[in-house]
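**Student:** Protein chains in written order, with our numbering: chain D, 1 to 89; chain C, 1001 to 1180. Just so you know, even glycine gets a beta-carbon here, dropped at the ideal spot from N, CA and C. Structure below; questions to follow.
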């Protein structure tokens, strides 16, 4: 069974049919032109911001994570994921 | 007695580990759906509409899923933020680990920036990915009130519980102040 709803319809489903919403669980997929993942440009822009924030290159960030001396900061985890190094988290 | 503060802070950090271990999530996909649905629900009440489905993005690397909304670092208003009725803007990042059928919370950062002229200027709820060497000044789960270097301990909250505090505790007070 597939329900094709607008975002407003989804909000109403959650509000007025919480049991059904619970049944659907995590099987909600947005259909939009840009999808729900970051574009390569967005990813590059975020990585550049993080390099500026932590004042180090992405290579240095990976080296710190490999050595286990990375900062304990949620942003650093996001950075490693953006670099596709979730294995270092 | 005051000399015991670092030890007490370390014990508190240990309790965070237990709290995190007790939290169970079905899957990262479910957390994403919960967060999107929560924001959609809130959006339906707002005069200025956001598009939560478009704003919430997911990135996966190995066992870690990152769920993000808005910029990594808030440097001012963007069209990627989620705007509340008070004109506060929300951005966040949530990291979830899925491994061998288990799904656990790794880290989060929820940043709520208040409109210009309001005090405090921001609230932020952080869960660090690991314990810090000085848990007294940087507890693993903490919140900031307009001060980057003052981190007050908070319980480990689920992402939806953080959103509850933003939308149902902070926001109503902001609206009362802004539109008495």
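On the premise that residue 89 of chain D lies in contact with residue 80 of chain D, defined as a C-beta separation below 8 Å, what is that separation, rounded to the nearest angstrom?
**Tutor:** Yes, residue 80 of chain D and residue 89 of chain D are in contact; Cβ-Cβ is about 6 Å, under 8 Å.
**Student:** Out of C:1009, C:1022, C:1010, C:1166, state which residue places its alpha-carbon closest to the alpha-carbon of residue 1103 of chain C.
**Tutor:** It is C:1022 whose Cα lies nearest to the Cα of residue 1103 of chain C.
**Student:** Cβ atoms of residue 1139 of chain C and residue 1153 of chain C: under 8 Å apart, would you say?
**Tutor:** Yes, the Cβ-Cβ distance between residue 1153 of chain C and residue 1139 of chain C is below 8 Å.
**Student:** One question on the structure: do residue 1062 of chain C and residue 86 of chain D come within less than 8 Å of each other, judged by their Cβ atoms?
**Tutor:** Yes, Cβ-Cβ distance for residue 1062 of chain C and residue 86 of chain D is below 8 Å.
**Student:** Mind checking who residue 1123 of chain C pairs with in its DSSP beta bridge?
**Tutor:** Partner(s): C:1112, C:1145.
**Student:** Within 10 angstroms of its Cβ, does residue 1070 of chain C collect 16 or more other Cβ (buried), or is it exposed?
**Tutor:** The residue in question, residue 1070 of chain C, is buried, as its Cβ has 16 or more Cβ neighbours within 10 Å.
**Student:** What residue ranges within the segment 1049-1090 of chain C form continuous beta strand (DSSP E) runs of no fewer than 3 residues, ordered along the chain?
**Tutor:** Listed in chain order, they are 1056-1061, 1064-1069.
**Student:** Closer than 7 Å by C-beta to residue 58 of chain D: which residues in its own chain qualify, once you throw out the five before and the five after it? Chain order, please.
**Tutor:** Hits under 7 Å: 47, 51, 83.
**Student:** Would you kindly report the start and end of the unbroken alpha helix (DSSP H) that includes residue 1025 of chain C?
**Tutor:** Taken as a continuous stretch (DSSP letters only), residue 1025 of chain C belongs to no alpha helix (DSSP H), as it is neither H nor E.
**Student:** What's the call for residue 1057 of chain C, buried or exposed, on a 16-neighbour Cβ count within 10 Å?
**Tutor:** Residue 1057 of chain C should be labelled buried.
**Student:** Counting contacts by CB-CB distance shorter than 8 Å, is residue 1019 of chain C in contact with chain D?
**Tutor:** Answer no: the Cβ-Cβ gap between residue 1019 of chain C and chain D never drops below 8 Å.
**Student:** Using a beta-carbon distance below 8 Å, is residue 1168 of chain C in contact with chain D?
**Tutor:** No - not a single Cβ of chain D is within 8 Å of the one on residue 1168 of chain C.
**Student:** Go to residue 73 of chain D, then tell me how far its alpha helix (DSSP H) extends in each direction, as first and last residue.
**Tutor:** Counting along the chain, residue 73 of chain D falls outside any alpha helix (DSSP H), and DSSP gives it neither H nor E.
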